[in-house]
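Here is the structure we will look at.
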Amino acid sequence: MIAEAGLAALWFATMLALLQLAFGALALSPRFADFARSVAPVAVAQAAMASIAFLCLVTVFMQSDMSVLLVATNSHSAKPMLFKFAGTWGNHEGSMLLWVSILAVGGAAVALFERALDAHTKIATLAAQGAIALGFYAFLLLSSNPFTRLSPAPANGQGLNPLLQDPGLAFHPPTLYLGYVGMSVAFSFAVGALITRTVDQVFARAMRPWILGAWVFLTIGITAGSYWAYYELGWGGWWFWDPVENASLMPWLAATALLHSVTVLATRDGLRAWTIMLSVVAFSMSMIGTFLVRSGILTSVHSFAVDPRRGGVLRLLLAVHICAALALFPTRLGTVPGGSRFDAISREGSLVFNNLLLSVILVIVLIGTLYPLALEAMTGTKLSVGAPYFNATAGPLALVLALTMAAGPVMRWRQEKPGQVLDRLLVPVLILAAALLAMAAFAPSIGVLPFLGLVIAAGVGAASLAPLWKRNLRRTPLFTYGMVIAHLGCAVSLAGMASDAAFTKEQLVALQVGESRQVGPYRVTLKAISEIPGPNWSALDAEMLVQKGDGAPFTMHPQSRTFVDPPMETSESAIESDWNGQLYLVIGAPTDGQNWQLRMWWKPFVTLIWFGGILIALGGLLSLIGRVERDLFSLRRWRSK
Numbered sequence: 009m010i011a012e013a014g015l016a017a018l019w020f021a022t023m024l025a026l027l028q029l030a031f032g033a034l035a036l037s038p039r040f041a042d043f044a045r046s047v048a049p050v051a052v053a054q055a056a057m058a059s060i061a062f063l064c065l066v067t068v069f070m071q072s073d074m075s076v077l078l079v080a081t082n083s084h085s086a087k088p089m090l091f092k093f094a095g096t097w098g099n100h101e102g103s104m105l106l107w108v109s110i111l112a113v114g115g116a117a118v119a120l121f122e123r124a125l126d127a128h129t130k131i132a133t134l135a136a137q138g139a140i141a142l143g144f145y146a147f148l149l150l151s152s153n154p155f156t157r158l159s160p161a162p163a164n165g166q167g168l169n170p171l172l173q174d175p176g177l178a179f180h181p182p183t184l185y186l187g188y189v190g191m192s193v194a195f196s197f198a199v200g201a202l203i204t205r206t207v208d209q210v211f212a213r214a215m216r217p218w219i220l221g222a223w224v225f226l227t228i229g230i231t232a233g234s235y236w237a238y239y240e241l242g243w244g245g246w247w248f249w250d251p252v253e254n255a256s257l258m259p260w261l262a263a264t265a266l267l268h269s270v271t272v273l274a275t276r277d278g279l280r281a282w283t284i285m286l287s288v289v290a291f292s293m294s295m296i297g298t299f300l301v302r303s304g305i306l307t308s309v310h311s312f313a314v315d316p317r318r319g320g321v322l323r324l325l326l327a328v329h330i331c332a333a334l335a336l337f338p339t340r341l342g343t344v345p346g347g348s349r350f351d352a353i354s355r356e357g358s359l360v361f362n363n364l365l366l367s368v369i370l371v372i373v374l375i376g377t378l379y380p381l382a383l384e385a386m387t388g389t390k391l392s393v394g395a396p397y398f399n400a401t402a403g404p405l406a407l408v409l410a411l412t413m414a415a416g417p418v419m420r421w422r423q424e425k426p427g428q429v430l431d432r433l434l435v436p437v438l439i440l441a442a443a444l445l446a447m448a449a450f451a452p453s454i455g456v457l458p459f460l461g462l463v464i465a466a467g468v469g470a471a472s473l474a475p476l477w478k479r480n481l482r483r484t485p486l487f488t489y490g491m492v493i494a495h496l497g498c499a500v501s502l503a504g505m506a507s508d509a510a511f512t513k514e515q516l517v518a519l520q521v522g523e524s525r526q527v528g529p530y531r532v533t534l535k536a537i538s539e540i541p542g543p544n545w546s547a548l549d550a551e552m553l554v555q556k557g558d559g560a561p562f563t564m565h566p567q568s569r570t571f572v573d574p575p576m577e578t579s580e581s582a583i584e585s586d587w588n589g590q591l592y593l594v595i596g597a598p599t600d601g602q603n604w605q606l607r608m609w610w611k612p613f614v615t616l617i618w619f620g621g622i623l624i625a626l627g628g629l630l631s632l633i634g635r636v637e638r639d640l641f642s643l644r645r646w647r648s649k
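Residue numbers for the sequence shown follow my numbering, so the first one is 9 and each next one is one higher.
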């Protein structure tokens, strides 16, 4: 009965989304203004029904109810409980239900907690949220019902993809979905403001926390996903420019540009049209990301849909949402005032240049991701676009973007003098010059991009602290600290990426038990190979004795695991972290019964990549808290007058 209850709740949520759209649209007319009182309660009720449906799906997975087709094809009774729980969204239908449930809860949060927005704009925003949700509900009910029954029910089920049987599955997708849904809320705000012609500072201040929150979750999701792939897939890399990775990167790029644009609008009443356009683009990128992962056109760990019919329905949904979004912008653009003006050399000017660079990088990634797919669909020709294309095209622009990020925060609004900017950046420029000389002296033979990356990271890291110089740190707003920490995180991540590209040492060897090899500062010895059982797998476990210089030896245990349901072999890397990098070991198959393949990497300062990501997210969180506090204070003061 739990599955039937979940399906009923899903139908109720669909009908409530339809009512939310209808009541919201009617309430915008003076003749039907009374409907306005019903929109917020309907949005809350829709969120409740969607949450009940999702909790029912979680329950049937936790109970291993194999009479539900989705459970039978994506779970197993012998799986650890964590993977039964996370397996709820480790499939196409469950992930889509999680997506729309978060969307519904986001709409309810707008209905309950948004106080700054104009009443009519809020109604239009909720109506737009209802329209987006309605499309996803229809997709679930007509094409991807998560509660379909199976008769007769199997005893155990087919199991979850072994590559997804990791704690990362419990963390990575939900954070990304929260980011995607945050972009849908920002889009709905933009739609509401366009409909009611209220694209102003109040609208921007109301929308900014939602964008900040979505950006923080996208940052956390991408950072966590990168590290998950790094240690789980056993290939030694942290980013592969895979289409599914790009599917999450593109919304992040658009959200970053939107975040800077809405800040200008909220603070200085500028970039009104730019903010609306970026809201549409960010939502469109979220939709494209959802489509790429779930349409079945990609072969990936994260690609859930393989049924062409469902992929076709999702393509239709994508076309409807994105075309409606793109059509609305030009039709209402004439109603958006131009906003205040500013000089090219100013903080606003630097943010515009920053956004242009982000937009160009977004287009580069979009073309590199979609062009091979479009070419194969039209001609049948398979083309691989990989790291060389993205590094050569997006890499230099990313370095220019980092330099722009260093200069922007020290500029004044409206108008700035170049000489004063250089005075404020004197120390960072000197540090950048010192880093350039040091790299030329000690690492002259590394690649151009890693070389420039390390030099620019040093300068940007120093420049990120410049907004705190000569300030009373106890009176400095929290959102200023957030900006500083986020920009510092970008410099830290850039340093990690460049160090990994410049200094990584790799060894691919075949060892017998007792033999040793050197990689970086470590001496690695294969001590033994043994078979060990796991909760739902068996593994060949390599006992590796590792010693760094004259330090105490320690053991590491890379594994090659074999799963039965479904059958698959995976590599479980062993990673040892030190202050200056990581030792990364992967065991392979035996070559002749005595020699074992072993891949070893010494990756200097690679952990800076993810530490920087944490700093970026932390900075965003502090900015969110600080902005909400400031905006609430301003709102209370305005209402008291």
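We treat Cβ as the ideally placed atom computed from N, Cα and C, and that holds for glycine.
Here DSSP, grouped into helix, strand and coil, assigns Arg-355 to helix. Taken through DSSP and simplified to helix, strand or coil, Glu-577 comes out as strand. Taking a C-beta distance under 9 angstroms as the contact criterion, Trp-609 and Thr-512 qualify as a contact pair. Per DSSP, the unbroken beta strand (DSSP E) holding Gln-526 starts and ends at 524–527.
Counting along the chain, the unbroken beta strand (DSSP E) around Val-532 starts and ends at 530–541. Of the candidates Trp-477, Gly-490 and Leu-411, the residue whose Cα lies closest to the Cα of Leu-502 is Leu-411. For the region 583–646, the continuous beta strand (DSSP E) assignments of 3+ residues that do not extend past its boundaries occur at 589–598 and 604–612, in sequence order. With 16 or more neighbouring CB atoms inside 10 Å of its own CB, Cys-498 falls in the buried class. Taking 9 angstroms as the cut-off, the Cβ atoms of Met-285 and Phe-350 do not count as close. Annotation note: the region 345–423 contains the following uninterrupted alpha helix (DSSP H) runs of length 4 or greater, listed N- to C-terminal: 355–387 and 395–415.
Boundaries of the alpha helix (DSSP H) harbouring Trp-260: 251–276, taken from the DSSP string.
The three-state secondary structure of Val-207, taken from DSSP, is coil. The C-alpha of Ser-292 lies about 33 angstroms from the C-alpha of Pro-485. With respect to Pro-345, Val-418 sits apart: the two C-beta atoms are not nearer than 9 angstroms. Under the DSSP assignment, Phe-571 falls outside any alpha helix (DSSP H), being part of the beta strand (DSSP E) whose first and last residues are 567–571. Judged by DSSP in its simplified three-state form, Lys-478 adopts coil rather than helix or strand. C-alpha of Arg-607 to C-alpha of Thr-231: approximately 24 angstroms in a straight line. When DSSP reads this structure, Trp-545 sits in a beta bridge with Phe-571. Annotation for Met-564: the continuous beta strand (DSSP E) segment containing it runs 562–564. In the pairwise beta carbon analysis, the region 569–586 is classified as not touching the region 518–526: fewer than three pairs are separated by under 8 angstroms. Here Gly-200 is actually not in contact with Ala-141; their C-beta atoms are around 15 angstroms apart, not less than 8 angstroms. Taking C-beta separations shorter than 8 angstroms and ignoring five residues to either side along the sequence, the partners of Gly-634 in its chain run Pro-485, Leu-486, Phe-487, Thr-488, Tyr-489 and Gly-490, following chain order. Under the three-state reduction of DSSP output, Leu-516 falls in the strand class.
In the DSSP annotation of this structure, Pro-160 is not part of any alpha helix (DSSP H), being labelled neither H nor E. At a Cβ-Cβ threshold of 9 angstroms, Val-360 and Trp-421 do not count as neighbours. No beta strand (DSSP E) of 3 residues or more sits fully in the region 426–504. In this structure, DSSP gives Met-74 a state outside helix and strand, which the three-state scheme calls coil. For Val-521, the three-state secondary structure derived from DSSP is coil. Listed as beta-bridge partners of Glu-12 by DSSP are no residues whatsoever.
Judged by DSSP secondary structure, Lys-87 falls outside any alpha helix (DSSP H); it is assigned neither H nor E. Segment contact: the region 159–171 against the region 55–70, fewer than three CB-CB distances shorter than 8 angstroms; contact not assigned.
By alpha-carbon distance to Ile-493, the top candidate from Ala-58, Ala-16 and Val-224 is Val-224. In this structure, Gly-467 lies near Leu-440, with their beta-carbon atoms less than 9 angstroms apart. Rounded to the nearest whole angstrom, the CA to CA distance from Val-189 to Thr-615 is 29 angstroms.
Residue pairing for Ala-550: DSSP places it in a beta bridge opposite Ile-537. Each residue's CA atom was taken as its position, placing Val-118 and Leu-125 some 10 angstroms apart.
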